[in-house]
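In terms of our numbering, the sequence shown has 127 at position 16, counting the first letter as 1, and numbering is strictly consecutive. Note that CB positions come from ideal geometry on N, CA and C, so glycine has one too. Data block below; observations after.
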Amino acid sequence: MVTTLLVIVIVLAIVFDYINGFHDAANSIATIVSTKVLSPFMAVLWAALFNFAAYFYFTDHKVANTVAKTVLEEYITLEVIFAGLVAAISWNLFTWYYGIPSSSSHTLIGGFAGSGMAYAILMGHNPFLAINIIPTIKILSFIVLAPVIGMIISITITLIIINIAKNTRPSRAEKWFKVLQLVSSAALSFAHGGNDAQKVMGIIFVAMIASGAATGDQMPEWIPLTCYTAIALGTMSGGWKIVKTMGTKITKVTPLEGVSAETAGALTLGITEHFGIPASTTHTITGSIIGVGVVKRVSAVRWGVTISLLWAWVLTIPVSAFLGGLSLYILQYILQLFQ
112 MVTTLLVIVI VLAIVFDYIN GFHDAANSIA TIVSTKVLSP FMAVLWAALF NFAAYFYFTD
172 HKVANTVAKT VLEEYITLEV IFAGLVAAIS WNLFTWYYGI PSSSSHTLIG GFAGSGMAYA
232 ILMGHNPFLA INIIPTIKIL SFIVLAPVIG MIISITITLI IINIAKNTRP SRAEKWFKVL
292 QLVSSAALSF AHGGNDAQKV MGIIFVAMIA SGAATGDQMP EWIPLTCYTA IALGTMSGGW
352 KIVKTMGTKI TKVTPLEGVS AETAGALTLG ITEHFGIPAS TTHTITGSII GVGVVKRVSA
412 VRWGVTISLL WAWVLTIPVS AFLGGLSLYI LQYILQLFQ
């Protein structure tokens, strides 16, 4: 039974990684599509290539370790991980269907934490005892910090670029910015792959440890290879509803602003990855796009859309946690029927 459930958990984790790819594809390609630098098809191929290329660079797995430690070890079972993945996949598909750019990262973490807390209740313990405080505080703080950092960096880069290019003929400047946007979108896709693939790696590895299929701290090499492949394939599938929201509904983006937003997003994700913080790619690039809009004028940002996105951000972790707990109770009930 344990072996079968472990296989199911690994398959679900890979499915989630694939969904993460097409759900978050908009983060990497929205601006490059909206500025018509690349066609949608070429944009997803470009993003997928650099999603996978991150496999060869991000080898320390700091983000994976943080995710794996969100729930304390004594409250982690295969059932808990299974329930968390079911919750994460459910919320990701719901938000994708309605074109809501919610965070796949926080969906996964919320589902995992919620099922862990539900397991603690089943054991007769305080549910909050299941949560590892330090990594959780890191994650929660960057719900706010990631978009703010992205916004500040994008404002700074935009102002610097405007100052440098102010004496350049507009048509020539736009041509150069379209070329530079290929580089900045590649950097964002690279950072996205490095950050987001690791979250599922951490879940798979902790599932193997919980089942006794792995010991120690050395992650089997097939795990990162599989996760980077899955997220790249998911990105190739695109996420066109969310592309529209990210690329046009927040603010109108020019090639110059696309370069600024994508570069700011890539830098922010690079910083968070360095410190092992599983930040949201969605939150980061949204903050960066808002930043370039604010440089033009505050009214250039469609704040009504932005407020709707903020609601999705606030709700993602608690809703995913609730779904994680509910999934665990349903699973436990089904297992009891077969005993």
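Residue i versus the options, residue with shortest Cα-Cα distance
i: Gly132; options: Gly305, Ile264, Ala257 and Ile260; result: Gly305
i: Leu421; options: Thr337, Val259 and Thr114; result: Val259
i: Ile248; options: Gln309, Phe288, Val182 and Ile192; result: Val182
i: Thr114; options: Ala324, Gly313, Ile211 and Gly261; result: Ala324
i: Gly327; options: Trp333, Leu336, Phe316 and Ile334; result: Phe316
i: Ile121; options: Gly210, Ile273, Thr146 and Met312; result: Met312
i: Thr337; options: Gly435, Ile119 and Tyr129; result: Tyr129
i: Tyr168; options: Ile220, Ala341, His385 and Gly435; result: His385
i: Thr365; options: Asn237, Ile273, Ser431 and Ala341; result: Ile273
i: Ser216; options: Pro238, Tyr208, Thr279 and Ile428; result: Ile428
i: Leu156; options: Thr379, Ile342 and Leu442; result: Ile342
i: Ser145; options: Ile400, Leu446 and Phe433; result: Ile400
i: Ala461; options: Trp424, Leu448, Ser348 and Gly436; result: As displayed, the chain neither begins before 112 nor continues past 450, which places residue 461 out of reach and without an answer.
i: Leu426; options: Phe449, Leu251, Gly398 and Gln329; result: Leu251
Inter-residue CB distance, residue i and residue j (contact presumed, cutoff 8 Å)
i: Ala224; j: Ile245; result: That belief does not hold up - the Cβ atoms of Ala224 and Ile245 are roughly 14 Å apart, past 8 Å.
i: Val148; j: Ser438; result: Actually they are not in contact, since the Cβ atoms of Val148 and Ser438 sit about 41 Å apart, beyond 8 Å.
i: Glu373; j: Thr142; result: 6 Å
i: Gly369; j: Gln292; result: 5 Å
i: Ala199; j: Gly227; result: Not really, about 13 Å apart at Cβ, beyond 8 Å.
i: Ser201; j: Leu367; result: Contact doesn't hold; Cβ gap of about 39 Å is too wide.
i: Val174; j: Lys289; result: No, Val174 and Lys289 are not in contact; Cβ-Cβ is about 32 Å, not under 8 Å.
Beta-bridge pairing of residue i - partner residues as DSSP gives them
i: Ile242; result: Val182
Under 8 Å between C-beta atoms of residue i and residue j
i: Thr346; j: Asn162; result: yes
i: Ser265; j: Ala375; result: yes
i: Tyr444; j: Ala229; result: no
i: Ile382; j: Phe253; result: no
i: Ala377; j: Ser295; result: yes
i: Asp135; j: His303; result: yes
i: Ile396; j: Gly235; result: no
i: Ala308; j: Ala165; result: yes
i: Phe193; j: Leu123; result: yes
i: Ile314; j: Val178; result: yes
i: Val406; j: Leu270; result: yes
i: Thr218; j: Asn203; result: yes
i: Ala257; j: Thr379; result: yes
i: Ile263; j: Ser371; result: no
i: Thr206; j: Ala423; result: yes
Review point. Is the stretch 181 to 189 touching the stretch 319 to 333 in the sense that three or more CB pairs, one from each, lie closer than 8 Å?
Key: Yes: the two stretches touch, three or more of their Cβ pairs being nearer than 8 Å.
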